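Taking it in order: structure first as structure tokens, then the write-up.
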Amino acid sequence: VGFIMICRNIFSVLFLLDEAVRCVGSSAAVSGSGAHGWRAPVDCVKASDLCNVNHQCSSRYRILRQCLAGRDRNTMLANKECQAALEVLQESPLYDCRCKRGMKKELQCLQNYWSIHLGLTEGEEFYETSPYEPPRLASIISGMDSTVMKGNHCSDTGKPCNPCLDAAKACNLNDTCKKLRSMYISVCTRVSPFQSPEPCNRKKCHKALRQFFDRVQTEYSYRLLFCSCRDTACAERRRQTIVPSCAYEDKVKPNCLELRTTCRNDPLCRSRLADFHANCRVTPHSITSCPNDNCQACLASYAGLIGSDMTPNYVDASYTDITISPWCTCRSSGNMEDECEKFLKDFTENTCLKNAIQAFGNGTDANSIARTPSLPAIPSVKTKAETERFTEPLVTLSTPGYNMCVSSTGANL
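Mind the numbering: the sequence shown is residues -25 to -1, 1 to 388 in mature numbering (1 follows the signal peptide of the UniProt record, and there is no 0), read in order.
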């Protein structure tokens, strides 16, 4: 009998402990408090909703928003109440939240993300953390129809070939692609009313371009943007894809650091730029120079910049040497010239981006990954160790059927 009583007491204690753990877990899920490692990340819209139902979190979040309104970071951190609010919010779901590109309420999600992360950075960082969910490793052409990719490059040198023209024809056979492409071309070529000196409404043009690249399947949009060329006519058609006279070019080229400041004042542009740096930044000791050799992620981040203040494009109609750049210059940079050149070269001398574009344009099979050992990194004299970069491409992805981008994991971006 004594033994049975002991067992009953033990089971009772275990039951009560189990219930207590459930209660604590349930409370933590609502409040978002607890160690970061035990908290499942959520999107920043949901994280804000979770914060709003918790009195402590919502009051501190309100304080932080007031602290950030019209103040620079140093002024904010000098205020003890602002600092206390920030410390509390680091234990909330907002700290770990992320966003998805093209999601419903994307802008609201990004605004929520930066509302807390702007206070966490130590001054203005050269490379900011992307607010978007990290990409899954995927083939650069995964999920694409083989017949579509077959026409993406020229295989017979004796026959006329213009993959960019073929890409436009393929787009016209898809209702969504045709509709949204016609829309942005119409908006971006429309002359402003009242004889305005501006050739078009750039804001509306950028919005139409974002809708196109966010909503159209990549097997159509990427073919237009990254088609492989072997003559000037084809390369010029590729350059004209985004209607650069409206979406890209301007009367005067601003300084690149000024353009970066303009971009970072807009949550969407800031996020897309951070994502570009996260996925296209030249990486030492990788075969393609891309982070995790994920060329698909780089292409997605590049396309994500189109339609923002930092819209990039091909600088000319060269089909032998691809050069990408935003519409800016490093002239008149003063003592910031080194930083400006470093920023600009992340576009103009980006071997990861070039290799990704060439690999896609060749329509290569991502299952045949090259096993060529990568060369050691060559540090730039202008950057710190953590921002090492290559000064020359590791490889040239110019041969169809040859690709060093990651193999498909069955997951598309």
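C-beta: ideal position from N, C-alpha, C; glycine also.
Please read these numbers as outputs of a predicted model, since none were measured by experiment.
With a cut-off of 8 Å on the beta carbons, I'd call residue i and residue j a contact; round off their distance for me.
| i | j | result |
| --- | --- | --- |
| Gly279 | Asp313 | Incorrect: roughly 27 Å between the Cβ atoms, too far for contact. |
| Thr216 | Arg190 | At roughly 16 Å, the Cβ-Cβ gap does not stay under 8 Å, so Thr216 and Arg190 are not in contact. |
| Ile299 | Phe201 | The Cβ separation is near 11 Å, so there is no contact. |
| Thr286 | Lys228 | That pair is no contact at about 13 Å. |
| Tyr107 | Arg73 | 6 Å |
| Cys221 | Pro174 | 6 Å |
| Cys265 | Asn330 | 7 Å |
Rounded to a whole number of angstroms, what is the C-alpha to C-alpha distance between residue i and residue j?
| i | j | result |
| --- | --- | --- |
| Tyr70 | Ala145 | 43 Å |
| Arg247 | Ser276 | 7 Å |
| Arg76 | Glu233 | 25 Å |
| residue 390 | Asp225 | Residue 390 lies beyond the stretch modelled for the chain, which goes from -25 to 388, so this question has no answer here. |
| Thr164 | Val290 | 20 Å |
| Ala143 | Lys154 | 12 Å |
| Ser283 | Ile262 | 30 Å |
| Val63 | His30 | 12 Å |
| Asn230 | Ser308 | 7 Å |
| Pro259 | Cys273 | 15 Å |
| Ile160 | Asn176 | 12 Å |
| Ser33 | Cys26 | 5 Å |
| Pro219 | Ala59 | 47 Å |
| Phe188 | Ala53 | 42 Å |
| Cys57 | Leu184 | 39 Å |
| Asn137 | Tyr195 | 15 Å |
| Lys55 | Leu243 | 30 Å |
| Cys84 | Glu103 | 17 Å |
| Ser67 | Asp296 | 48 Å |
| Tyr36 | Met78 | 23 Å |
| Thr326 | Val257 | 7 Å |
| Asn269 | Leu43 | 36 Å |
| Asn288 | Cys255 | 15 Å |
| residue 389 | Ser105 | Outside the displayed range of the chain (-25 to 388) lies residue 389, so it cannot be described from this structure. |
| Ile91 | Tyr197 | 34 Å |
| Asn147 | Trp89 | 39 Å |
| Glu100 | Arg239 | 11 Å |
| residue 394 | Gln41 | A query on residue 394 cannot be resolved here, the shown segment of the chain reaching from -25 to 388 and no further. |
| Val166 | Asp24 | 43 Å |
| Phe335 | Leu93 | 35 Å |
| Lys21 | Leu39 | 18 Å |
| Arg306 | Thr237 | 17 Å |
Identify the continuous beta strand (DSSP E) that holds residue i and give its terminal residues.
| i | result |
| --- | --- |
| Gln288 | The sequence shown places Asn at residue 288, rather than the Gln named in the question. From DSSP, the beta strand (DSSP E) with Asn288 extends over Pro287 to Tyr289. |
Just grab the DSSP bridge partners of residue i for me.
| i | result |
| --- | --- |
| Asn240 | Note: Asn240 sits in no beta bridge, so no partner. |
| Cys74 | Tyr107 |
| Asn147 | In the DSSP output, where bridge partners are listed per residue, Asn147 has none listed. |
| Asn87 | According to DSSP, Asn87 bridges with nothing at all. |
| Asn230 | Thr304 |
Let's see if you can read the secondary structure: which residues bound the alpha helix (DSSP H) around residue i?
| i | result |
| --- | --- |
| Ser261 | From DSSP, Ser261 is part of no alpha helix (DSSP H); its letter is neither H nor E. |
| Cys221 | Pro219 to Ala222 |
Exercise. Enumerate, from N- to C-terminal direction, the unbroken alpha helix (DSSP H) stretches of 4 or more residues contained entirely within the region 14 to 72.
Key: DSSP runs (the alpha helix (DSSP H)) wholly in the region 14 to 72: 19 to 27, 30 to 43, 48 to 53 and 55 to 64.
Practice problem: Within the region 159 to 215, note down every full alpha helix (DSSP H) run reaching 4 residues or more, in order along the chain. | Solution: Whole alpha helix (DSSP H) segments, 4+ residues: 177 to 190, 193 to 201 and 207 to 214.
Quiz item: Mind pulling the alpha helix (DSSP H) runs of 4 or more residues that sit fully within the region 264 to 327?
Solution: Positions of the alpha helix (DSSP H) runs, each at least 4 residues long and wholly inside the region 264 to 327, are given as 270 to 280 and 312 to 323 in order along the chain.
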